[in-house]
Structure formats: structure tokens, C-alpha cells
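Asker: The listed protein sequences correspond, in order, to chains A and C. Going by my numbering, the first sequence opens with residue 473, and the numbers climb by one from there. Going by my numbering, the second sequence opens with residue 18, and the numbers climb by one from there. Below are the C-alpha cells for one structure; questions will follow.
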Amino acid sequence: MTSIMQSETQPQLTDASTALGVAIINSKAPFSSNAGKDALDVALLFGSFEQKVSLFFQGDGVYQLIANQDGSLLAIKDYLKTFSAFEFYDIEDVYVCQQSLIERQLSKTFHIDNVQVLTNKAFAVALSKHKHVLRF
Amino acid sequence: MNTLAVVVTTPPYSHLTITALTYVEAALVAGIDVVGVFFYQDGAMHANKDISIASDEYQSIAHWQQLHQQYKLPLHVCITAAEKRGVVMGSIDNEIVNEAFTVSGLGELVELATKASRLVQF
């Protein structure tokens, strides 16, 4: 978190050729499509192959992180509970777009721990530290 | 050496697929090493050999096949995404998977991402 705060005052985009790992952007709400689950499957696979993977939540994707929701009430497999297994797959970096939370009047109560809420600029800087980006 | 991997998530009838094909073909023509194309989500429908698109519309599956033959371009389809969409491996008589495609797991996507200096998603 410290490094993120520092780079926020002095934004430094990373050259893609020196960046590492994969960033996965979640941009869709959790229950209207399978996108969140598809993204999760990719993230866990990269994690199990010991590749560095970071998760980014932006736009309606931030709804995936809100506490006390259960897809099984809608007969949808509750993939969100797997989020609490991230550390088991060495997925340590979970970033949330602050602007997206504000636009949706969402509080910062997430159903998983160790989530970092970033400003637009810090979000972009964090993204640029990755070699590859996938968006779902 | 620039190496490229491509992820296709759009179905064969999507106009976005045409963009993906044009992009991949341009890369191949430019001599860029395209290590493979990974078909995920609705992109997995490309591997269904029974799909028939009206002859006056863009033939995306035929184009992927042509790139596969001409450039030995590896085409990987995610098995979970494919089976969910009815694209399953059968016996010789009822084979649904287009032979230009290799049925792979998500591990193949990890492999491609590791090999490639650039990963582009459509």
C-alpha cells in the first residue's frame, strides 16, 4: 500500500517490457452473466501455476465485492465465496476503483479482507505494473 | 523477438471477431510470431464444426481454419467453455469439434501468456 501511495503523488507508469504477471479486470456485475466466474477461473489457474496475478474491480465489477450477497438465492452458483480463498492461491493484490464505488454510492464494506481502494490515477499505475491485462 | 498471444471471447457471428481475425492476420503477415489463439467464453463456439453462417456473411470459422493451415497458427479452445456450449468431443461419427482446434484447458492460456511478450484480448 505504501508504494501505491507514493506513486500516487508522483505517478510512474511501468514499461510493459519490465512488468510482471497478469492483471484481471472485473467490470461486470456478479449475477447477470457468467463473466465474474470466468474471470475467477482464469485467476485461480494463473495462481495455481505460480504466476503473479492481481485482481482489479472497476465499474459494475465492484458489485462483486459487496458483503452479504448470495447468488444461490437466485439459483446461481455462489462463486463469490471462493474470493476468500485468494491467499491460498497467492493472490495478494486486489484493487478496487474508488470512483466506481462513489458513482454507485457503495460503502467500503467488502466481503473479503485485504482489498485496496485506489484513486483513478493509482488504479492506472497499479495496472501498468503488469505484463498482461485481461478484462471480463 | 516479439511474440503475440491472442484471446478471443466473442462468438463466430460477432463483428468483433472480424476485428480479431484482421488483427491476427496482419500480425502474421508482418512476420510476428503468434504463439497461439485461445478461445474462451463465447469464443469457444468457433470450435463447433456444425455452425453454419449464411454464405453472404463473414465466414469467421473458415478464416481461422485458413490461418491455421497457412501459418500453422495454434488454435486452442477452452474445454469447460466449449462443453458448456455443446461443443464436445465425440466419436468419429459424431465429432463436433473442428479439427483445426486443439481442446485445451485454462492452463494453456497460462502457457501462452508466459510465452508471449504481448497478450491481446478480443
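Ideal Cβ placement from N, Cα and C applies to all residues, glycine included.
Nearest to residue 58/C by alpha carbon, out of 122/C, 99/C, 117/C and 130/C?
Answerer: With distances taken between Cα atoms, residue 58/C lies closest to 99/C.
Asker: Just reading off the alpha helix (DSSP H) that residue 124/C is part of, what are its end residues?
Answerer: Element bounds for residue 124/C: 123 to 132.
Asker: Does any C-beta atom of chain C lie closer than 8 Å to the C-beta of residue 438/A?
Answerer: Given a span of 473 to 608 for chain A in the structure shown, any question on residue 438/A remains unanswerable.
Asker: Can you give the Cα-Cα distance for residue 547/A and residue 504/A, rounded to whole angstroms?
Answerer: Between residue 547/A and residue 504/A, the C-alpha separation is close to 12 Å.
Asker: Does the distance from the C-beta atom of residue 527/A to that of residue 506/A stay below 8 Å?
Answerer: No, Cβ-Cβ distance for residue 527/A and residue 506/A is not below 8 Å.
Asker: What separation, rounded to the nearest whole angstrom, lies between the Cα atoms of residue 508/A and residue 533/A?
Answerer: Distance between the alpha carbons of residue 508/A and residue 533/A: 8 Å.
Asker: Just verifying my parser: in three-state terms, what is the DSSP assignment at residue 548/A?
Answerer: In this structure, residue 548/A counts as coil in the three-state DSSP scheme.
Asker: Relative to the C-alpha of residue 524/A, which candidate in 562/A, 589/A and 575/A has its C-alpha closest?
Answerer: With distances taken between Cα atoms, residue 524/A lies closest to 562/A.
Asker: Going by C-alpha distance, which of 556/A, 568/A and 550/A is nearest residue 588/A?
Answerer: Nearest C-alpha to residue 588/A: 568/A.
Asker: Ignore the nearest five residues each way along the sequence and tell me which others in residue 138/C's own chain have a CB closer than 6 Å to its CB.
Answerer: Around residue 138/C: 24.
Asker: How do the segment 66 to 83 of chain C and the segment 101 to 121 of chain C stand: do at least 3 beta-carbon pairs fall below 8 Å, yes or no?
Answerer: A contact exists between the segment 66 to 83 of chain C and the segment 101 to 121 of chain C.
Asker: Here's a check: name, in chain order, each residue in its chain whose Cβ is nearer than 6 Å to the Cβ of residue 62/C, leaving out the five neighbours to either side.
Answerer: Same-chain partners within the cutoff: 28, 29 and 102.
Asker: Residues bridged to residue 53/C by DSSP?
Answerer: Bridge partners of residue 53/C: 22/C.
Asker: Can you tell me where the alpha helix (DSSP H) holding residue 516/A begins and where it ends?
Answerer: It spans 507 to 520 - the alpha helix (DSSP H) in which residue 516/A sits, taken as one unbroken run.
Asker: Just grab the DSSP bridge partners of residue 70/C for me.
Answerer: Its beta-bridge partners do not exist; DSSP assigns none.
Asker: From residue 543/A to residue 578/A, what does the alpha carbon distance come to, in whole angstroms?
Answerer: Whole-angstrom Cα-Cα distance: 19 Å.
Asker: When you compare the CB positions of residue 93/C and residue 54/C, do they come within less than 8 Å of one another, or not?
Answerer: Yes.
Asker: Do residue 517/A and residue 536/A have their beta-carbon atoms positioned less than 8 Å apart in this structure?
Answerer: No; because the gap between Cβ atoms is not below 8 Å, this pair is not in contact.
Asker: Excluding the five sequence neighbours on either side, which residues of its own chain have a C-beta within less than 7 Å of the C-beta of residue 607/A, listed in chain order?
Answerer: Within the same chain, residue 607/A has close Cβ partners 497 and 499.
Asker: For residue 54/C, would you say it is in contact with chain A, using Cβ-to-Cβ distances shorter than 8 Å as the test?
Answerer: No - not a single Cβ of chain A is within 8 Å of the one on residue 54/C.
Asker: Along chain A, in chain order, which residues have C-beta atoms closer than 8 Å to that of residue 124/C?
Answerer: The contacting residues are 517 and 521.
Asker: Does any C-beta atom of chain C lie closer than 8 Å to the C-beta of residue 476/A?
Answerer: Because the pLDDT at residue 476/A is just 44, under 50, the model does not fix this residue reliably, and the value given afterwards should be weighed accordingly. No, no contact with chain C.
Asker: Could you tell me whether the segment 119 to 131 of chain C touches the segment 38 to 55 of chain C, using the rule of 3 or more Cβ pairs below 8 Å?
Answerer: Because the criterion of three Cβ pairs below 8 Å is met, the segment 119 to 131 of chain C and the segment 38 to 55 of chain C touch.
Asker: Locate the alpha helix (DSSP H) running through residue 78/C, then write down its first and last residues.
Answerer: 77 to 88 is the extent of the alpha helix (DSSP H) around residue 78/C.
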